[in-house]
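A.B. asks: The structure is given below, and queries will be raised subsequently.
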DNA sequence: TAGTGGTCTAGACCACCTA
DNA sequence: AGGTGGTCTAGACCACTAT
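Protein chains in written order, with the working numbering: chain Z, 8 to 259; chain W, 8 to 259.
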């Protein structure tokens, strides 16, 4: 309205930009309700679909979030901090503490959707683990829910023969978790590699993490090595990018 | 068509799912053209906007990519590997080599949109650098283009008084780059922290990186420390998530 | 019940690309 | 020139939420 607003831009973009400016200027803060479809139709003189497109832009960029039957609201961003290296220092799991205790402090962590199965190794996992494709692997899958909000899906793969009979094949791996058990089995992880990428979630991922539109996921694939080139675990994690900041600290 | 397809799902989702299945099954490979709006209208008996919505789902998930006046195509994913720790080991920059040479191998890297200015420090940067907000900082901004495709935006902040008169204030920082110059100035970086998050890009970021719909960006904020708590540089990077995999290797 | 966002139709015009 | 995706209209019905 106040700006000249390049006429070459489509209407819905102009409306979206106006809303973004209003948010940047502080006219709408986190959690505030934005003008709805009907408001935009009236104030900008456009059809419903055009107003929807404008609001869709903000949702696709993760700036706003629609609540059915209620309205469209400005989102906020208050992430957890995940310390990639410190959390895997040996003191953490070597002393029987949960890897998670460093992360969560005074929040309520619930682990659900747990499953432990034995399956044929997918080809890409087999390659990283250095076993033949189709070889049996122990698959540990869980979902982590923090203060009622799902934040992380984790699926861990270990060679089945290596972990047979240990607590790793149980839902509760005991004090210190999987890595403490691996150490007891003579395969103490000494080296880790984490590979990170990001993309938009599948429908299934969006459902399980209850992601709103415009929220990407970060994927962490961690490989644990018990010795030179000897991979003992591959852990594929799917993180809600609106819930996490990853941190890596290291020396030159 | 072949599947029962839960009738509670909206039509556009059913169509999108059908297309995704066809892609997963290999019926359409990377780079292949998908059925267009007119095809979907005919085969599924829906209106144009509904067919568009279905194709929009795939684009928003980064699975497909529209080319105006041509069609909608399946995207592929062939990322670069960025080794976060190895690339900053002292041998890399201490010996006058470009930090980038580890990444790119036999590809063509162009750096453009270079600017080196002196500005008042933004509040968040000032806090990390441990200087008063508004204090002068040297701002080095660049875009990296690999084989014609922009992949990374980088903006680096250094205390202006610390780098005054050095090659850091020039566009070409010389052999070994900024870190070699800092070492010569007696502020050799000995420790690094990288913080990573992900979100959908702004319009400006999408333009500068030429991102197609449904492509998030990864943000890396790297802080270089010359000593305990002594931050000498903050580097904010914006990466095309379709072009990069980040890798961090470390010992337990 | 009234208002909201979610889906959908059946048209239309445009800019863009290929041939 | 003909097909493509991009934008837009003016209606409609639905499910959901709050009061």
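We put the CB at the ideal spot given by N, CA and C, even for glycine.
CB residue 178 of chain Z to CB residue 146 of chain Z, shorter than 8 Å?
C.D. replies: In this structure, residue 146 of chain Z does not lie closer than 8 Å to residue 178 of chain Z by Cβ.
A.B. asks: On the DSSP bridge list, what partners appear for residue 90 of chain W?
C.D. replies: Note: residue 90 of chain W sits in a beta bridge opposite W:254.
A.B. asks: Under 7 Å, CB to CB, which of the residues in the segment 60–90 of chain W have a partner in chain Z?
C.D. replies: Residues passing the 7 Å Cβ filter: 67, 68, 69 and 86.
A.B. asks: Compute the Euclidean distance between the alpha carbons of residue 194 of chain W and residue 239 of chain W, then round it to the nearest angstrom.
C.D. replies: Answer to the nearest angstrom: the Cα atoms are 7 Å apart.
A.B. asks: What does residue 254 of chain Z touch in chain W if you count any residue whose Cβ is under 8 Å from its own?
C.D. replies: Those within 8 Å of residue 254 of chain Z in chain W are 200, 201, 202 and 203.
A.B. asks: If we ignore side chains and look at the alpha-carbon of each, how far apart do residue 2 of chain W and residue 67 of chain W end up?
C.D. replies: The shown model of chain W, from 8 to 259, leaves out residue 2 of chain W, and the question about it has no answer.
A.B. asks: Pair every Cβ in the segment 154–165 of chain Z with every Cβ in the segment 219–228 of chain W, then say whether three or more of these pairs are closer than 8 Å.
C.D. replies: They do not touch, by the three-pair rule.
A.B. asks: Around the Cβ of residue 56 of chain W, are there at least 16 other Cβ atoms within 10 angstroms (buried) or fewer (exposed)?
C.D. replies: By the 10 Å Cβ count, residue 56 of chain W comes out exposed.
A.B. asks: According to the neighbour-count rule (16 or more other Cβ atoms, all chains shown, within 10 Å of its Cβ), is residue 102 of chain W buried or exposed?
C.D. replies: Caution is warranted here: a pLDDT of 48 is assigned to residue 102 of chain W, below 50, making its placement in the model unreliable, and the coordinate value is therefore given only provisionally. With fewer than 16 other Cβ atoms within 10 Å, it is exposed.
A.B. asks: Determine the direct distance from the alpha carbon of residue 171 of chain Z to that of residue 247 of chain Z, and round the result to whole angstroms.
C.D. replies: Rounded to whole angstroms, residue 247 of chain Z to residue 171 of chain Z spans 32 Å at the Cα level.
A.B. asks: Show which residues of chain Z have a CB atom less than 9 Å away from the CB atom of residue 151 of chain W.
C.D. replies: Per Cβ cutoff of 9 Å: no residues; residue 151 of chain W is ~18 Å from chain Z at best.
A.B. asks: Can you tell me the Cα-Cα spacing of residue 19 of chain W and residue 61 of chain W, whole angstroms?
C.D. replies: If you take the alpha carbons of residue 19 of chain W and residue 61 of chain W, they lie about 4 Å apart.
A.B. asks: Can you find a CB in chain Z that lies within less than 8 Å of the CB of residue 236 of chain W?
C.D. replies: Chain Z contact via Cβ: absent.
A.B. asks: Specify the secondary structure class of residue 1 of chain Z as computed by DSSP and reduced to three states.
C.D. replies: In this structure chain Z extends from 8 to 259, so residue 1 of chain Z is not present and cannot be described.
A.B. asks: In chain order, what residues of the same chain have a beta carbon less than 7 Å from the beta carbon of residue 176 of chain Z, not counting five sequence neighbours either side?
C.D. replies: The answer, listed in chain order, is 123, 145 and 170.
A.B. asks: Could you tell me which whole beta strand (DSSP E) segments of length 3 or greater appear in the segment 115–202 of chain Z?
C.D. replies: Qualifying beta strand (DSSP E) stretches, in chain order: 116–127, 143–153 and 156–166.
A.B. asks: Might you give, ordered along the chain, the residues of its own chain that have their beta carbon closer than 7 Å to the beta carbon of residue 88 of chain Z, omitting 5 neighbours on each side?
C.D. replies: Within the same chain, residue 88 of chain Z has close Cβ partners 252 and 254.
A.B. asks: Any idea if residue 85 of chain W is buried or exposed, counting beta-carbon neighbours within 10 angstroms, 16 or more meaning buried?
C.D. replies: Residue 85 of chain W comes out exposed.
A.B. asks: What did DSSP end up calling residue 246 of chain W once you bin it into helix, strand or coil?
C.D. replies: Strand.
A.B. asks: Does any residue of chain Z bring its CB to less than 8 Å from the CB of residue 157 of chain W?
C.D. replies: So no, residue 157 of chain W is outside the interface.
A.B. asks: With distance defined between alpha-carbon atoms, name the residue in Z:115, Z:129 and Z:237 nearest to residue 152 of chain Z.
C.D. replies: Considering only alpha carbons, the answer is Z:115.
A.B. asks: By how many angstroms is the C-alpha of residue 225 of chain W removed from the C-alpha of residue 26 of chain W?
C.D. replies: The straight-line gap from Cα to Cα measures roughly 28 Å.
A.B. asks: Would you verify that the beta carbon of residue 258 of chain Z is, or is not, closer than 8 Å to some beta carbon of chain W?
C.D. replies: Yes, because at least one Cβ of chain W sits closer than 8 Å to the Cβ of residue 258 of chain Z.
A.B. asks: Does chain Z have any CB closer than 8 Å to the CB of residue 26 of chain W?
C.D. replies: So no, residue 26 of chain W is outside the interface.
A.B. asks: Which stretch, first to last residue, makes up the beta strand (DSSP E) that contains residue 227 of chain Z?
C.D. replies: Start and end: 224–234.
A.B. asks: Residue 197 of chain W CB to nearest chain Z CB: under 8 Å?
C.D. replies: So yes, residue 197 of chain W belongs to the interface.
A.B. asks: Using 8 Å as the threshold, is the C-beta distance between residue 233 of chain W and residue 182 of chain W below it?
C.D. replies: Contact flag unset, no.
A.B. asks: At a Cβ threshold of 8 Å, is residue 206 of chain Z touching chain W?
C.D. replies: By this cut-off, residue 206 of chain Z is an interface position.
A.B. asks: What residues of chain W sit near residue 248 of chain Z, judged by a beta carbon separation below 8 Å?
C.D. replies: By Cβ distance, chain W contributes 204, 205, 206 and 223.
A.B. asks: Under a three-way DSSP split, which group does residue 259 of chain W fall into?
C.D. replies: Coil at residue 259 of chain W, not helix or strand.
A.B. asks: For residue 202 of chain Z, I'd like the list of residues in its chain whose CB is within less than 6 Å of its CB, leaving aside the five on either flank, ordered along the chain.
C.D. replies: Taken in chain order, the residues that qualify are 228.
A.B. asks: Classify residue 54 of chain Z as helix, strand or coil using the three-state DSSP reduction.
C.D. replies: Note: residue 54 of chain Z maps to coil in three-state DSSP.
A.B. asks: Quick one: does residue 92 of chain W have its CB under 8 Å from some CB of chain Z?
C.D. replies: So yes, residue 92 of chain W belongs to the interface.
A.B. asks: Are residue 200 of chain Z and residue 180 of chain Z close, meaning C-beta to C-beta below 8 Å?
C.D. replies: Result no, Cβ atoms of residue 200 of chain Z and residue 180 of chain Z do not sit closer than 8 Å.
A.B. asks: Is residue 141 of chain W buried or exposed, if buried means 16 or more other CB atoms sit within 10 Å of its CB?
C.D. replies: It counts as exposed.
A.B. asks: Under 8 Å between beta-carbons, which chain Z residues line up against residue 251 of chain W? List them in chain order, please.
C.D. replies: Near residue 251 of chain W (Cβ distances below 8 Å), the residues of chain Z are 204.
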